[in-house]
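Inspection log for the structure reproduced underneath, given as structure tokens.
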Amino acid sequence: MRTRRCPAEGSSVGDGRTSEQRAYYRNRIDNSADPEAAQQARYDRNATARANRGADPASPEDWQRQNDQLRQNQSGGATEENDTLNGLDVANNNNVTTNPDGTVNRPQTFPKDADGAETRPDGVTDKALIDNKSVPDTFDDDGNPRTVYNDQQLRAQQEAARASGREPVTVITNDNPAAARPSGPLADNSTVLHRNTGDGGWSQWNNQTNSWDPISQDQAHSIVH
Amino acid sequence: MVETLNIKLLAPCRTSDPLVLRSVLGALDAEPLCEPTHANIDERMRLPYDRASATDFIRQMGGRTLILWRANTPKYTGWLNCQPVPVNDLKLDYVEPRQALLPELFNGATRVASLLQVEYGFVHMHWDRQAESLDYDSGIRMSVRDLNKYGLSGIHARTWFGPYLVELLGKAFLLSLPLATETSWGGVQLDLEPKPWLADFETLKARHAELMARLCKTGLVGTFQGAPVTWKAGPRWVAPGWDVRS
Chain X
684 MRTRRCPAEG SSVGDGRTSE QRAYYRNRID NSADPEAAQQ ARYDRNATAR
734 ANRGADPASP EDWQRQNDQL RQNQSGGATE ENDTLNGLDV ANNNNVTTNP
784 DGTVNRPQTF PKDADGAETR PDGVTDKALI DNKSVPDTFD DDGNPRTVYN
834 DQQLRAQQEA ARASGREPVT VITNDNPAAA RPSGPLADNS TVLHRNTGDG
884 GWSQWNNQTN SWDPISQDQA HSIVH
Chain B
52 MVETLNIKLL APCRTSDPLV LRSVLGALDA EPLCEPTHAN IDERMRLPYD
102 RASATDFIRQ MGGRTLILWR ANTPKYTGWL NCQPVPVNDL KLDYVEPRQA
152 LLPELFNGAT RVASLLQVEY GFVHMHWDRQ AESLDYDSGI RMSVRDLNKY
202 GLSGIHARTW FGPYLVELLG KAFLLSLPLA TETSWGGVQL DLEPKPWLAD
252 FETLKARHAE LMARLCKTGL VGTFQGAPVT WKAGPRWVAP GWDVRS
């Protein structure tokens with residue numbers, strides 16, 4: 684693929700692209716004539732983000748490989764997301780569901796940024812907005828726990844939660860809590876739970892001790908209901 | 052050698068307002084050992100810091116936490132929360148600062164605390180002694196939200212109590228504690244030792260335990276023990292509304 688970059692200049696923030704660049708590529712993807720053109724726009728978007736960081740574009744083959752891996756991870760993550768939400772007795776907000784009376788529940792979305800993009804939490808209750816983050820079971824190459832960062836999506840959900848009088852709840856899942864942790868800013872701005880995918884056990888991040896405290900399923904349930 | 056020096060300042064500043072944010076960052080920039088070198092709202096990517104761009108991050112992106120780094124000696128990681136609430140926190144964690152720099156770090160933090168007229172704040176000297184340092188370290192990760200809801204959690208090598216806490220605790224009580232002095236903004240500064248930067252872990256831990264025993268009797272100290280996490284507010288604690296959004 685050859686790149687056709689957004690001409691917009693400006694300081695890059697957050698995900699490495701300017702707001703003009705984000706809007707430009709969103710528009711190109713949404714208005715593509717065919718799937719190939721949409722894929723080209725996604726590749727160009729990646730190349731722009733890399734250029735903003737001073738990096739060369741990834742080769743189309745490498746980029747495709749990374750995308751395939753991402754999709755595979757997302758597939759595994761979807762299973763864990765469903766298990767987490769089932770464990771909390773919360774409907775998956777990514778699905779359209781039908782009530783017994785025939786009325787339809789559509790996913791609830793909340794404003795994400797000034798560009799008008801929206802964020803969709805994995806679970807919505809009267810008391811909480813819930814997002815599930817799946818991480819590997821192993822420590823990283825440096826022997827440190829996998830860290831879930833307070834990214835733009837989670838920050839948007841924290842805003843939406845507080846604006847609607849709810850608690851933002853982030854659930855980290857893997858089968859080894861010692862190999863997973865929230866970043867400081869995430870722990871400071873969200874209630875953080877861990878669900879063990881091996882035995883279904885729950886823990887809550889204790890910001891004071893910087894460690895996981897085991898809790899019962901009832902206690903996890905009571906945090907979101 | 053101290054492993055980390057933790058500075059945390061809870062300031063009555065609505066830093067979601069770009070003008071207020073600029074002035075808070077200005078207070079930080081005025082201190083040679085506190086000025087950040089990098090900042091971003093994305094904690095995974097350091098961007099070179101300048102005050103105008105940092106203010107733009109918050110304004111453009113509606114960001115609510117500005118992550119700060121200092122890559123020069125003494126190095127730190129930290130953040131400035133910019134929530135639309137009456138009180139926001141600034142946190143700087145210096146990693147293995149040289150002993151010779153500690154007095155100036157205490158002095159710099161004190162000048163920033165004074166400029167911001169903090170409601171609560173501290174300089175904490177942390178040594179990783181696992182279970183042995185658990186009580187001594189209590190409260191070093193206290194958020195505005197948690198302090199507002201549950202009350203005080205700890206005292207530190209140097210602690211500032213702002214006007215609200217002075218009123219609840221009683222000025223006479225606070226000033227009766229050794230090494231307590233009044234601040235220019237109606238608060239009280241409490242040191243664990245005359246020159247805390249020279250003290251070792253055992254000395255500070257013993258002084259901490261002694262003073263916490265007296266502070267706990269006020270009914271304004273929360274319970275932050277797990278597991279499970281069942282935190283409780285101090286029986287006399289009255290939430291000041293520092294996290295009420297507008």
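Chains as they are written, first to last, in this note's numbering: chain X, 684 to 908; chain B, 52 to 297.
We treat Cβ as the ideally placed atom computed from N, Cα and C, and that holds for glycine.
{"Asked": "Interface residues of chain B facing X:PRO819 [CB-CB closer than 8 Å]", "Found": "Ordered by position in chain B, no residue passes the 8 Å Cβ test against X:PRO819, which lies about 17 Å from the chain."}
{"Asked": "Cβ of X:GLN900 within 8 Å of any chain B Cβ", "Found": "no"}
{"Asked": "Neighbouring residues, chain X, relative to B:SER165 (Cβ below 7 Å)", "Found": "In chain order: nothing, as chain X lies at least about 25 Å away."}
{"Asked": "Within 8 Å, strictly: CB atoms of B:VAL136 and B:GLU170", "Found": "no"}
{"Asked": "Backbone CA spacing between X:GLN723 and X:ALA761 [nearest angstrom]", "Found": "26 Å"}
{"Asked": "Residue nearest to B:LEU219 in terms of C-alpha spacing, selected from B:TRP293, B:TRP288, B:ASP144 and B:SER67", "Found": "B:TRP288"}
{"Asked": "Closer than 8 Å at the beta carbon, the chain D residues around B:ILE118", "Found": "Given the protein chain composition of this structure (X and B), no chain D is represented."}
{"Asked": "Unbroken beta strand (DSSP E) run spanning X:TYR726, endpoints", "Found": "Looking at the DSSP string, X:TYR726 is not in any beta strand (DSSP E); the run it does join, the alpha helix (DSSP H), is 718–735."}
{"Asked": "Where B:ARG115 meets chain X, residues with beta-carbon distance less than 8 Å", "Found": "ARG838, GLN841, GLU842 and ASN872"}
{"Asked": "B:TRP211 beta carbon less than 8 Å from that of B:GLY172", "Found": "yes"}
{"Asked": "Proximity test, Cβ basis, 8 Å: B:THR274 and chain X", "Found": "no"}
{"Asked": "Helix, strand or coil at B:TRP211 [DSSP, three-state]", "Found": "strand"}
{"Asked": "The beta strand (DSSP E) enclosing X:GLU850, as first and last residue numbers", "Found": "850–857"}
{"Asked": "Per-residue burial, X:ARG849 [other beta carbons within 10 Å of its own, 16 or more giving buried]", "Found": "buried"}
{"Asked": "CA-to-CA distance, B:MET96 to X:PRO833, given in whole angstroms", "Found": "Note that residue 833 of chain X is Asn in the sequence shown here, rather than Pro. Taking the straight line joining both Cα atoms gives about 12 Å."}
{"Asked": "Chain-ordered chain B contacts of X:ASN833 [CB-CB under 8 Å]", "Found": "GLU94 and THR116"}
{"Asked": "CB contact flag (B:VAL53, B:MET176, <8 Å)", "Found": "yes"}
{"Asked": "B:ARG102 beta carbon less than 8 Å from that of B:LEU76", "Found": "yes"}
{"Asked": "Listed by chain order, chain B residues near X:ARG845 by CB distance under 7 Å", "Found": "ARG296"}
{"Asked": "Candidates X:ASN893, X:ARG700 and X:ARG725, of which the one nearest B:ASP188 by Cα", "Found": "X:ASN893"}
{"Asked": "B:TRP288 at chain X interface by Cβ criterion, 8 Å", "Found": "no"}
{"Asked": "Every unbroken beta strand (DSSP E) within the region 83–155 of chain B, with a cutoff of 3 residues, ordered by chain", "Found": "89–91, 116–121, 127–132 and 139–146"}
{"Asked": "Simplified DSSP state of B:TYR171, which is helix, strand or coil", "Found": "strand"}
{"Asked": "Close Cβ partners of B:PRO154 (< 8 Å) along its chain, the five nearest in sequence each way excluded", "Found": "LYS246 and TRP248"}
{"Asked": "Chain X residues whose Cβ lies nearer than 8 Å to that of B:ARG149", "Found": "Simply none; closest approach about 24 Å."}
{"Asked": "Identified DSSP bridge partners for B:MET176", "Found": "B:LEU56"}
{"Asked": "is_contact[B:ARG97, chain X] using C-beta, thresh 8 Å", "Found": "no"}
{"Asked": "Separation of B:HIS207 from B:GLY190, as counted between CA atoms", "Found": "9 Å"}
{"Asked": "Alpha-carbon spacing of B:ILE58 relative to X:TRP888, whole angstroms", "Found": "22 Å"}
{"Asked": "C-alpha gap between B:VAL239 and X:VAL854, whole angstroms", "Found": "40 Å"}
{"Asked": "Where X:GLY770 falls: helix, strand or coil (DSSP)", "Found": "helix"}
{"Asked": "Proximal chain X residues relative to B:TRP293, where beta-carbon distance stays under 8 Å", "Found": "Under the 8 Å cutoff, chain X gives no residues; its nearest Cβ is about 14 Å from B:TRP293."}
{"Asked": "Test: B:ALA189 CB closer than 8 Å to a CB of chain X", "Found": "Sequence inspection shows Ser at residue 189 of chain B; the Ala mentioned does not correspond to that position. For B:SER189, the answer is yes, since a Cβ of chain X falls inside 8 Å of its Cβ."}
{"Asked": "Supposed contact pair B:LEU117 and B:ILE109 - C-beta distance, whole angstroms, cut 8 Å", "Found": "6 Å"}
{"Asked": "Three-state class that DSSP yields for X:GLY867 in the structure shown", "Found": "helix"}
{"Asked": "Buried or exposed (CB count within 10 angstroms, at least 16 for buried), X:HIS877", "Found": "buried"}
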